[in-house]
C-alpha cells in the first residue's frame, strides 16, 4: 500500500483540500484509494505521537495503533492511502511562540514517519511567508491571541529560518520517502490538481476555482469585531477595510526575498532533498507567481548565509 502524508502546511488550503476529498470520497474509494483526514487522525489515532512519549512502552503502543489501522486498510483493499492533517507538523500558535516556521517539525515527523512506515511520499504545500504569516496571525487574533506588537513582527520577519530549513528538517526526519513541494500560489483553489500532483495515477474530478475554499482568514472588519467582543482595544489594527497586512514595507520585502530564494533553491534541485511541483497540468492556464518570486533575490551573499542549513 502506498502511503502519502499530506502535511498542509497550515493556511495553505489544506482544509479546502480535505473538503474536496470528502466530497469525492466515492470516486476516490472506487480507485482503491483511501483518505484519512482530521476527523480520523484527531480522535486518538495519533495519541502519543505529537509529542515525546513518556515511556518506551507508550511509543510502541502509539506505533502499534497506527500499524493496526494501516493493516485494516490493506485488508479492505486500499492500495493508496492519503493521510491529510496539517497538525502533524505543529501549529500556528507554536510558530508564533517561536517567531518562526515549524521549529520542531523534525522531531514530530521522525515519530510519525516511523509509525506510518513505510511512507511512499510526503507532500508539503508552502506559501510566501509574507502572506502566510498575515493569514496565520489573522486566524490567531480571531481565536484569542493579542495583536502582535512591532517587535514581535520584526523578529518574525528577521528570522533566519525559511521554508528551505523546514524542508531540510523534514527530509532528514523521513529518509526513504519522496518529498514533494507544491506552492500555494499555484494550487490554492485547485484541489483536484493537488490530488493529481500527489497521487499521479489517481483520477481527480475537476472543480471550479473557489468551489472548495474553506477556513478563510477574517478581514479587518471581522477582526475588529472579535477584539471588541472580548473587550480588547481595536486601535492596534490599521484603519480601512480588506485583509490585514501586519508587516511594514521593509519586513514584507525581507519575507518575499526569503521566499524567492527558497523557490530558486527548489527549482535548482533542492540539494536532492525534495521535488518542486509547480503545475501538474502545464498545458492549462495556471496561477502566475508574482514576478518578484520568479527570480532569486538580489542579496546573494546575505541570502546564502541566511539559508545555509544548520550544522
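Residue numbers (this note's numbering): -3 to 307. Beta carbons are placed, not taken as given, at the ideal position from N, Cα and C, and that holds for glycine.
Asked, Found
"Can you confirm whether the stretch 202 to 221 touches the stretch 27 to 34 when touching is taken to mean that 3 or more C-beta pairs between the two stretches lie within less than 8 Å?", "no"
"Check each candidate in 58, 165, 158, 77 and name the one with the smallest Cα separation from residue 197.", "77"
"Taking only the alpha-carbon atoms, compute the straight-line gap between residue 219 and residue 100 and give it to the nearest angstrom.", "29 Å"
"Entirely within the stretch 237 to 263 and at least 4 residues each: give me those alpha helix (DSSP H) ranges in chain order.", "245 to 263"
"So, using beta-carbon positions, are residue 92 and residue 1 closer together than 8 Å?", "no"
"Just how far apart, CA to CA, sit residue 236 and residue 215?", "10 Å"
"Quick one: is residue 4 buried, meaning 16 or more other Cβ sit within 10 Å of its Cβ, or exposed?", "buried"
"Using 10 angstroms around the beta-carbon of residue 253, count the other beta-carbons present and answer buried if the total reaches 16, otherwise exposed.", "buried"
"Name the DSSP bridge partner or partners of residue 119?", "2, 176"
"Determine the contact status of residue 152 and residue 120, defining contact as a CB-CB distance below 8 Å.", "no"
"Rank 174, 172, 193 by C-alpha distance to the C-alpha of residue 182 and give the top, closest one.", "193"
"Quick one: what does DSSP say residue 209 is sitting in, helix, strand or coil?", "coil"
"Terminal residues of the continuous alpha helix (DSSP H) containing residue 90?", "88 to 94"
"Which residues mark the beginning and the end of the beta strand (DSSP E) in which residue 30 is found?", "29 to 32"
"Is residue 222 near residue 142, with beta carbons less than 8 Å apart?", "no"
"Taking the alpha carbon of residue 23 as the reference point, which residue from 271, 267, 250, 188 has its own alpha carbon closest?", "188"
"Since residue 243 contacts residue 82 with CB under 8 Å, what's their CB separation in whole angstroms?", "Residue 243 to residue 82, Cβ: 23 Å. No contact."
"What first and last residue would you give for the beta strand (DSSP E) that runs through residue 143?", "First-last for residue 143: undefined, no H or E at that position."
"With H, G and I counted as helix, E and B as strand and the rest as coil, what does DSSP make of residue 76?", "strand"
"Compare the Cα-Cα distances from residue 154 to each of 195, 140, 246 and report the closest residue.", "246"
"DSSP three-state call for residue 25: helix, strand or coil?", "helix"
"From 273, 272, 240, 115, pick the residue whose C-alpha is nearest to that of residue 136; which is it?", "240"
"Just to check my reading of the structure: residue 262 and residue 272 have Cβ atoms closer than 8 Å, yes? What is that Cβ distance to the nearest angstrom?", "4 Å"
"Can you give me the start and stop residues for the alpha helix (DSSP H) that residue 195 sits inside?", "187 to 195"
"How many angstroms separate the CA atom of residue 269 from the CA atom of residue 167?", "6 Å"
"Helix, strand or coil for residue 269, going by three-state DSSP, please let me know.", "coil"
"Considering residue 127, what are the terminal residues of the alpha helix (DSSP H) in which it resides?", "125 to 138"
"Between which two residues does the alpha helix (DSSP H) containing residue 58 stretch?", "52 to 71"
"Starting from residue 168, follow the alpha helix (DSSP H) in both directions and report where the run begins and ends.", "159 to 169"
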